[in-house]
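Each residue of the first sequence is one higher than the one before, starting from 0 at the first, in numbering that gives the first Met the number 0.
Glycine included, each C-beta is placed from N, C-alpha and C at the ideal position.
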Amino acid sequence: MLYSRLLLPTLKENPAEAEAVSHRLLLRAGMIRKLASGIYNYLPLGLRVLRKVENIVREEMNRAGAQEVLLPAVQPAELWQESGRWQVYGKELLRFKDRHGRDSCFGPTHEEVITDLVRREVHSYRQLPLNLYQIQVKFRDEIRPRFGLIRGREFLMKDGYSFHVDEADSETCYGEMYRAYSRAFQRCGLNFKVVEADSGPIGGSFSHEFMVLADTGEDSLASCAACDYAANLEKAEVAPPQGNPAPAPGAAPEAVATPEVRTVEEVAAFLKVSPREVVKTLIYETEAGPVAVLLRGDHEVNEVKVKNLLGVTELILAGPARIQELTGAEVGFAGPVGLNLPLYADQAVMALAAMVTGANRDGYHLIQVHPQRDLVLTQVADLRLVTAQDPCPRCGGALEILRGIEVGHIFKLGRKYSQALKATFLDAAGQEQYLYMGCYGIGVSRIVAAAIEQGHDADGIIWPLALAPFQVGLIPIALTDAATREATFRLHDELEAAGLEVLLDDRDERPGVKFKDYDLMGLPLRVVIGPKTLAKGQAEVRHRRSRETVMVGLDHLVSYLKDQISKELHG
RNA sequence: CGGGGUGUGGCGCAGCCUGGUAGCGCAUCGGCUUUGGGAGCCGAGGGUCGGAGGUUCAAAUCCUCUCACCCCGACCA
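Listed below in structure tokens is the structure:
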């Protein structure tokens with residue numbers, strides 16, 4: 000490919016709109032351009048990378064026995080009404096009417112459509128299992144699109160759905176997808192971690208996310224240094240407290256004046272106690288009514304755990320007026336003693352012998368509160384976020400808290416959609432049964448950004464070979480030199496004939512400009528040819544990642560490059 | 001949606017506070033010279049200062065409204 004024929008507008012300066020590294024470099028390297036918030040054009044270079052990811056994912060899905068389909072992006076409201084999600088999906092679902100006034104939406108995901116297809120076409124256990132996937136543009140009207148391709152509104156996704164006669168078979172498929180995903184992300188050259196994830200309201204006993212490790216990631220995860228336990232922070236368990244969980248009660252609770260002392264830090268400092276002895280009382284509104292959650296002052300609530308324990312989908316911290324109404328006191332003085340609300344305590348609270356709580360009275364706190372003697376608890380559970388100070392819940396080893404970008408998510412759907420949409424089959428006994436389903440997603444365009452978050456330096460992108468838009472960049476030092484020109488074009492043709500992807504910079508630019516652009520684009524191998532190298536019958540090959548250069552004789556340059564590429568692609 | 005910020009040639013910015021003929025760097029076009037890490041000189045083109053309304057003799061600058069975008073929080077591939 001000749002540079003002069005490509006639409007490849009590189010930028011010297013960082014666009015003001017881009018903050019994230021991948022966003023900046025995608026723009027600067029001329030791979031994407033923004034059309035609207037969270038909506039991007041892919042230019043030729045960006046599309047080449049996107050296609051590479053897509054093909055790796057496709058190959059691994061096919062290898063795992065899945066079949067590719069293509070479902071419509073525009074979907075009728077009826078299906079969503081049938082599944083019940085037309086009401087619950089929220090504003091991320093882009094809705095509109097067609098010319099006849101029929102409610103429609105742009106598909107953010109395809110459970111409804113695929114289940115509809117399968118219920119029409121599959122009637123017998125003999126047709127099962129079935130694993131279908133597609134690679135398609137999705138639209139989710141995100142609250143806040145950001146970081147370029149990492150969270151766009153329109154994005155390319157691989158979504159797959161499997162159908163089974165029973166739960167055991169769906170779990171077999173889950174395992175196959177787990178392995179296929181791992182292979183795909185490995186081939187993409189990503190440093191990733193598989194973590195246990197919250198399976199959410201859909202239910203199911205387990206779910207996994209595939210996280211590309213990057214400090215700029217939007218997700219946090221806990222990972223054990225000693226064993227293979229790793230979980231999304233919102234899922235990560237806290238090991239039950241060790242030692243004596245029920246210390247003997249001491250003196251009776253006593254109210255003390257704490258004027259204008261509200262936060263945990265202020266209370267701890269005022270009463271000269273450790274923040275861990277100050278218990279905070281969080282008042283939440285849920286669709287099932289208000290509740291109170293107790294946590295040690297030095298701990299952070301995990302709202303996902305609270306939601307799951309309560310079985311609610313709505314969990315919002317109560318506002319000042321509502322707190323006043325429920326506790327009789329201002330924010331900062333709520334406490335569990337005598338509070339007429341369902342009371343849920345984090346397990347760590349139970350290990351305290353004497354704690355400080357709000358007194359439900361402005362300007363007062365209670366001291367010497369004993370959890371078992373003084374509180375009427377609805378339930379005690381693990382309700383907080385783990386920290387790097389907590390031991391691993393599996394092996395007791397040290398936990399690390401890392402940041403990651405979610406590029407894949409697999410979970411079991413069970414019979415949620417098959418029941419809602421009445422997707423059934425006849426089993427061997429002639430009985431009508433609901434299908435068991437699994438669901439598997441990969442953020443294809445997000446992988447492009449994640450690979451850059453993981454592979455870059457001050458000069459630009461460093462692509463893994465498998466994703467690079469071109470494998471080799473070819474730079475002539477002086478195209479005005481006839482010998483150089485002739486040798487460069489001949490080499491370009493030879494490389495292409497050998498099946499290598501090569502970009503020849505035939506622009507009338509000075510070498511420095513080309514070097515900068517190639518570092519920015521991040522092609523793995525760069526070949527420089529000029530009068531000086533030609534005089535020795537050689538070319539200079541530079542590895543983008545290591546920055547090492549070697550002189551290679553022109554007569555075996557093609558085989559040298561082929562070797563380098565196959566070495567990196569196949570280990 | 002709440003909080004913070006930015007809109008001035010294609011890109012990055014100054015000018016705004018204190019109203020008075022719209023500027024700089026890069027990019028673009030033409031010419032000459034250059035050619036191993038974002039070249040030099042000469043010349044040229046390109047902007048209703050996000051939009052609307054208002055104040056004023058006069059608005060990029062002051063006021064009101066509005067739109068777009070970015071960053072921090074609640075959603076997810």
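Asp158 is positioned such that its CB atom lies closer than 8 Å to that of Tyr132. Across the structure, Arg50 and Gln185 are spaced so that their CA atoms are roughly 17 Å apart.
Taking the C-beta atoms as reference points, Asp518 is found no nearer than 8 Å to Gly454. With respect to the C-alpha of Val266, the residue from Thr356, Glu500, His99 having the closest C-alpha is Thr356.
Gly437 is the residue among Gly437, Asp480, Cys223, Ala287 whose C-alpha sits nearest the C-alpha of Lys415.
Per DSSP, Ile446 is one residue of the alpha helix (DSSP H) stretching across 443-453. Around the C-beta of Pro475, 16 or more other C-beta atoms lie within 10 Å, and the residue is accordingly described as buried.
Cys172 sits in a helix when the DSSP states are folded into three classes.
Taking 8 Å as the upper bound for CB-CB distance, Tyr435 and Ser169 are in contact here, some 4 Å apart. In the assembly as shown, Leu293 is a buried residue. Its beta-carbon has 16 or more other beta-carbons within 10 Å. Pro530: member of the alpha helix (DSSP H) spanning 530-534, first to last residue.
In the DSSP assignment, Pro289 falls outside any alpha helix (DSSP H) and carries neither an H nor an E. Taking all protein chains shown into account, Thr479 has fewer than 16 neighbouring C-beta atoms within 10 Å of its C-beta and is therefore exposed. Separation of the CB atoms of Val112 and Leu78 is rounded to 6 Å, and the pair is thereby assigned contact status at 8 Å. Tyr177 is not a Cβ neighbour of Cys394, given a cutoff of 8 Å. Around the beta carbon of Val300, a 10 Å sphere encloses 16 or more other beta carbons of the protein chains shown; the residue is thus reported as buried. For the pair Val48 and Met30, the CB atoms are nearer than the 8 Å cut-off. Uninterrupted alpha helix (DSSP H) stretches at least 4 residues long and entirely within the stretch 366-418 occur at 370-373, given in chain order. Shown here, Gly511 sits in a helix according to DSSP, grouped into three states. For Asp97, the secondary structure class from DSSP, reduced to helix, strand or coil, is coil. If you draw a straight line from the Cα of Tyr559 to the Cα of Asp97, it is about 58 Å long. Between the stretch 389-408 and the stretch 437-446, the count of Cβ pairs shorter than 8 Å is three or higher; the stretches touch. Where His298 is concerned, there is no enclosing alpha helix (DSSP H), because DSSP gives it neither an H nor an E.
Pairing Pro240 with Pro341, the inter-Cα distance amounts to about 23 Å. Cβ-Cβ distances below 8 Å link Ala251 to Gln367 in the same chain, with the five nearest sequence neighbours on each side left out; the list follows chain order. The stretch 335-349 makes contact with the stretch 376-389: 3 or more CB pairs, one atom from each, lie closer than 8 Å. In this structure the stretch 492-504 does not touch the stretch 73-93; the number of beta carbon pairs closer than 8 Å is below three.
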